[in-house]
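A.B. asks: Quick one: the structure is below, and I'll ask about it shortly.
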Amino acid sequence: QVRLVESGGDSVQAGGSLRLSCKASGLAFSAYEMTLAWYRQAPGKGRELIADISPITGRSSYTDSVKGRFTISRDNVRSTLYLQMNNLRPEDTAVYYCHVRATRSYWGQGTQVTVSS
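Under the numbering used here, think of the first position of the sequence shown as -7, with each following residue one higher.
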């Protein structure tokens, strides 16, 4: 059974940094091709893809609003996905979810990030 558990969410002031982690169990990142991603959902809005990465090639992509501030990475040995978030803004406030798209789709439970001005 695949399980994704996020951690690292917190309340910070604008300009601060956070590092989110997503530990996967029951799934090996390098076993076959898959896409690892971070989404976020702000209050009253839909879920938004903000970054994704291939665990095999390491190739990543970002939505424009986080480019240059956020970095997605993974540790295949620990089956852990990360999101380093720098220069946080109030508009980054959201619940952040990790997602794995393999032969099936898996979601974590989410972790709250709150950025105050």
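Each residue gets a CB set at the ideal place from its N, CA and C atoms; glycine is no exception.
Can you give the Cα-Cα distance for Val58 and Met77, rounded to whole angstroms?
C.D. replies: In the sequence shown, counting from the first residue as 1, residue 58 sits at position 66. In the sequence shown, counting from the first residue as 1, residue 77 sits at position 85. Going by the C-alpha atoms only, they are around 9 Å apart.
A.B. asks: Please report the straight-line C-alpha distance between Ile45 and Val(-3), rounded to a whole angstrom.
C.D. replies: Here the question's residue 45 lines up with position 53 in the sequence shown. Here the question's residue -3 lines up with position 5 in the sequence shown. Distance between the alpha carbons of Ile45 and Val(-3): 18 Å.
A.B. asks: So for Glu25, helix, strand or coil by DSSP?
C.D. replies: Here the question's residue 25 lines up with position 33 in the sequence shown. Reduced to three states, the DSSP call for Glu25 is coil.
A.B. asks: Just verifying my parser: in three-state terms, what is the DSSP assignment at Ser57?
C.D. replies: Indexing the sequence shown from 1 puts residue 57 at position 65. If DSSP states are grouped into helix, strand and coil, Ser57 belongs with the helices.
A.B. asks: Counting C-beta neighbours from all protein chains within 10 Å, is the total for Ser84 16 or more, i.e. buried, or is it exposed?
C.D. replies: Counting from one through the sequence shown, the residue named residue 84 turns up at place 92. Per the sequence presented here, residue 84 reads as Asp, with Ser not at that position. By the neighbour-count rule (16 or more Cβ atoms within 10 Å), Asp84 is buried.
A.B. asks: Among the residues of its own chain, which have a CB less than 7 Å from the CB of Asn68, if the five just before and after it don't count?
C.D. replies: As a working mapping, residue 68 is identified with position 76 in the sequence shown. Excluding sequence neighbours, Asn68 sits near Phe21, Ser22, Pro47.
A.B. asks: Taking the beta strand (DSSP E) that Glu40 belongs to, which residues open and close that run?
C.D. replies: As a working mapping, residue 40 is identified with position 48 in the sequence shown. Segment 39 to 45, the beta strand (DSSP E) holding Glu40.
A.B. asks: Starting from the C-beta of Lys37, find all residues in its chain whose C-beta is less than 6 Å away, skip the five residues before and the five after it, and write them out in chain order.
C.D. replies: Your numbering for residue 37 matches position 45 in the sequence shown. Excluding residues within five positions, none has a Cβ falling inside 6 Å.
A.B. asks: Less than 8 Å between C-beta atoms, sequence neighbours within five positions excluded: which residues of the same chain meet that for Thr55?
C.D. replies: As a working mapping, residue 55 is identified with position 63 in the sequence shown. Closer than 8 Å at the Cβ level, and outside the excluded window around Thr55, lie Glu40, Leu41, Ile42, Ala43.
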